Every structure is written in C-alpha cells, then in structure tokens.
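S.K.: Have a look at this one before I ask anything.
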Amino acid sequence: MKLMRDDTTSRGMVLLPDYPTRVVNEHRIRVEKIALLGLLSIIMGGAWWLWPAVNGEVDLLSRSSHVFLLFGSAILLSDLIDFGPVEKSRVGSLSNIVWPSLIAVAGSEYSSLDEKIASVLMLSVALYLWSVSQYIFNHSLATRRLRGTTSVVGLAFAIATMVALSSDTEIWALVGLSISYTLIPDLLSKDEMHDIRKQFSSSLENAEDLMITLRSNNTGLEQANSLLATAREIGWKNPQRGLLMIEEAESEAKRIIAISQDLGDIQKDALTYVIDAENISKTAKGPRKAYDMAIRESELGSLREAEILFRTAKMKASVVIEHWQEAMEAISEGEILISNLEGHSLDNIRSILESAKQSLVAEDPVTAMSMASNIPNHIESLTNLQSDSLKALDEAQKS
C-alpha cells in the first residue's frame, strides 16, 4: 500500500515551468566551479614551475615557454563551459596548431628518466589534441578546409620548433608524415557535388552566351532570361535543379526563335488577307484591328499572343472575303422583294431583314447571308398563304 501511495504521489507531482531552466543553470554553475578550480590549479602550477627561474636558480627562457603553454591552456578552459560552434572552432584550431610542435618537442633527446617520462606524457597530449581536432573538424567540407588551413600554421610552428631544437631527421620525417596525413586531403577536399557543380557552371556560362547572342537579334526572351536568373541563384546550392532550369530556359529560347522565324511569314500572309478584305468592305474593321494588336504584341515581345492575333486577323479577313459580297447581295435582294409588297403581314419579314443588316454591321456576314437568303422563302410562303385565303373567301361568297 505504501508503494502504491508513493507511486500515486510521484505521478501527481507537477513540475514548475522554470524547472528545466533551473536544472541547466545549476549544471552550468557546477561546470564553472570546476573550470575555475582547473584555472587556479594551472596558474599555481605555472607559478611553481617558474619560481626557480625567478630566484635565478635556472634559466628563465627554458622555463617560460612551458608557462606560456600552461597559461594558454588555462584560457581555453573558459571555452569548455559554453562549448558552442565558435568555441569548438577555437579549441579545434588551437589543438590542431599545437600538436605538431608537441611531437617535435617530445622527440628531442632526453637523458634522464624524468625527461623521458615527460616526453611520453607530452606525446600523449599531442595525440589527444590531434584526436580532438579530428573530432571537431571532421563533419563538413568547410570544417575540413579550416583544419587544413590551421594545419599549415601548425606545420610552420613545428618547423620553427625543430629548427630551434636541432631535431634529428627522424623527427622531421615523423612530424611531416603525421601532419601530411590530414593536411593534404583537407586542402584538396571536395564535396560530393563538385562534379555536378562544375557541369552546372559550364552549362550556365554557355546558356548565358547563347542568350546574349540571341537577344541581339530577337525579342521575347524575357521568360528564358528569367529562368536563367533563377537557375543562377539556386543552382550553386542545388545544381541538379539548376541544370533542369537551364535546359528549360534553352528550350524556351529555341521555341521563341522558331516562333519568331515563322511569325514573319504568318504576318505577311495575314496582311495579304486583311488588304483583300478591306478592298471588299470598307466597314469591316475587325481584321485590321486584330492585325494592329498582333503588331503591338510582337513589338512587346509576346510572340505567342502575336501569332494568335495574326491568325485571328486572317480568319476574320477570310470570312469577309468569302461571304461579305454574298451577304450584301442577299440583303439587297430581300429589300427589293419587300419593297414590292405591302401589308402588316410583312412586319416579321422586315424584322428578319433588319437582323441580317445588324449581323453584317457586327461583321458576321455568314449569319447575315443565312438570314437574308431565307427572305424569298418567307415571302413565297406568305404569298401562297394570301392566295389560298383569297380563294377560300371567293368560294365562300359563291356558296
């Protein structure tokens, strides 16, 4: 029962909103205390190491270099508290610069046992710093190139150290081979998209040269240029998408060029039909209006719209050429027939004739001709009906 009560109590606990923040702050305070303790230990160790030189018991220069290394490592302790991207870069860079020099110092000739132990410890520190730099700088192309750059600096410091210590040839070879293990691959490293980016760069350059050549002789390439501009923006990050957009831009340019080459013939053909239509009818303005709009769209670069309007002008002109004269003749014939007749019964036929005239004004000669050509049939039907009515009336009077 007690266990059940404890479980119920634990499940009933409600965490305060600032609980995660407090836990993080408490952990940070503990880390800062440890870092401060380490910093004081390093400073005290450096002071202890330097004290005989201050009293004049040993050479100051021989001991000051070690103290500088200790103080430098003490400064890096603050970066371990907030180990973010900037701090990681700083720690990794300094580790990569220092470890080759430590190998050079560890490889010096030491006679006593203490010096040999110190050499082994220094070599262990160099290997640890090398592993730290490998861990921090082994995640992306940018970090590997940064490691390669800092390796060059580290090599320079190592060469200076070996020259000062008059190191043996074996130490020179060891330091050179160990640092070349990462230096050369890092400086020559390429990402997995290097080849396709190179292909994208070449394709983009060729496409831009092509656009410059075509734009000097043609218009309407705005869409293709817009696609190239978009490809230039996104192609370096996504070269596959950039190559597709370059192909689309080239296809669009070829299509526009093909249309512009055909558009001249289409324009000439449409103009011939428009002139013939104007010779037939001075009132039909539709073909000329469509033709002028096509010219305007062509000058603005809208070649597809210009082509459609040229074909529309030709179609309207063709209707005028084929049917305008016939519609005029049909309307004139209807007017003559109606003028010879009288009576209220002709009102319906007159409305048909007016509708035919309105269709002709609206530049629809086909409808006008169809309506006007039926007027004789209506008149004939009306005449037959009147004749039958008169016969029936005469027969009724005789009976």
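Take the sequence shown: its letter number 188 is residue 188 in the working numbering, and every next letter is one higher.
Each residue gets a CB set at the ideal place from its N, CA and C atoms; glycine is no exception.
From a predicted model like this one, the values you see are computed outputs, not experimental measurements.
1. In the DSSP assignment, the alpha helix (DSSP H) including residue 148 goes from what residue to what residue?
2. Have a look at residue 146 and residue 183 and give me their C-alpha separation to the nearest angstrom.
3. Check whether the Cβ of residue 133 lies closer than 7 Å to any heavy atom of the ligand MG, and answer yes or no.
4. Which value, in whole angstroms, describes the spacing of the CA atoms of residue 381 and residue 375?
5. Quick check on the burial criterion: 16 or more other C-beta atoms within 10 angstroms. Buried or exposed for residue 290?
6. When DSSP labels each residue in this structure, what does residue 364 get in the three-state scheme?
7. Check each candidate in 317, 258, 311 and name the one with the smallest Cα separation from residue 282.
8. Over the uninterrupted alpha helix (DSSP H) stretch that includes residue 283, give me the two end residues.
9. Please report the straight-line C-alpha distance between residue 2 and residue 46, rounded to a whole angstrom.
10. Quick one: any contact between the segment 322-330 and the segment 358-373, if contact means 3 or more CB pairs under 8 Å?
11. For residue 12 and residue 22, what's the separation of their Cα atoms in angstroms?
12. What's the gap between the Cα of residue 144 and the Cα of residue 150?
13. Please classify residue 225: does DSSP put it in a helix, a strand, or coil?
14. What did DSSP end up calling residue 123 once you bin it into helix, strand or coil?
15. Residue 68 by DSSP, collapsed to three states: which one?
16. Rounded C-beta distance between residue 77 and residue 35? I'm assuming under 8 Å.
17. Here's a check: name, in chain order, each residue in its chain whose Cβ is nearer than 8 Å to the Cβ of residue 208, leaving out the five neighbours to either side.
18. According to the Cβ coordinates, are residue 91 and residue 136 closer than 8 Å?
19. Report yes or no: do the segment 128-142 and the segment 198-207 share at least 3 C-beta pairs separated by less than 8 Å?
20. Please work out which residues of its chain come closer than 7 Å, Cβ to Cβ, to residue 67, disregarding the five sequence neighbours upstream and downstream, and give them in chain order.
21. At the level of alpha carbons, what is the spacing between residue 164 and residue 33?
22. Span of the alpha helix (DSSP H) holding residue 334?
23. Considering Cα atoms alone, identify which of 133, 269, 267, 210 is closest to residue 249.
24. Should residue 5 go down as buried or exposed, given a rule of 16 or more other Cβ atoms within 10 Å for buried?
25. Could you check what DSSP says for residue 8 in three-state terms: helix, strand or coil?
26. What does a CB cutoff of less than 7 Å around residue 156 pick up in its chain, not counting 5 residues either side in sequence?
27. My assumption, with CB atoms under 8 Å, is that residue 97 sits in contact with residue 154. Please give the rounded CB distance.
28. Under 8 Å between the Cβ atoms of residue 130 and residue 99?
29. Can you name the start and end residues of the alpha helix (DSSP H) that residue 101 belongs to?
30. Does the segment 328-341 come close enough to the segment 291-300 that 3 or more CB-CB pairs lie under 8 Å?
31. What does the alpha-carbon distance come out to for the pair residue 224 and residue 310?
32. Could you give the distance in angstroms between the alpha-carbon of residue 360 and the alpha-carbon of residue 284?
33. Under DSSP, the alpha helix (DSSP H) around residue 180 begins and ends at which residues?
34. Out of 337, 362, 363, 347, state which residue places its alpha-carbon closest to the alpha-carbon of residue 373.
35. CB residue 287 to CB residue 306, shorter than 8 Å?
36. Closest by CA to residue 85, which one among 39, 102, 142?
M.R.: Looking at the coordinates:
1. 141-165
2. 10 Å
3. This structure lacks the ligand MG, and indeed carries no ligand of any kind.
4. 10 Å
5. buried
6. coil
7. 317
8. It is not in any alpha helix (DSSP H) - residue 283 carries neither H nor E in the DSSP assignment.
9. Because the pLDDT of residue 2 is 43, which lies under 50, any placement of that residue in the model is unreliable, and the number read from its coordinates should be weighed accordingly. If you take the alpha carbons of residue 2 and residue 46, they lie about 58 Å apart.
10. yes
11. A caution first: residue 12 carries a pLDDT of 49, below 50, which makes its placement in the model unreliable, though a value can still be read off. One C-alpha to the other measures close to 21 Å.
12. 10 Å
13. helix
14. helix
15. helix
16. 5 Å
17. 228
18. yes
19. no
20. 46, 49, 50
21. 39 Å
22. 303-339
23. 210
24. Unreliable placement is indicated for residue 5, whose pLDDT of 46 sits below 50; the coordinate value is still reported in the next sentence. The residue in question, residue 5, is exposed, as its Cβ has fewer than 16 Cβ neighbours within 10 Å.
25. Below a pLDDT of 50, predicted positions are generally treated as unreliable, and residue 8, at 46, falls in that range; no measurement from the model is reported.
26. none
27. 4 Å
28. yes
29. 85-106
30. no
31. 23 Å
32. 9 Å
33. 169-187
34. 337
35. no
36. 142
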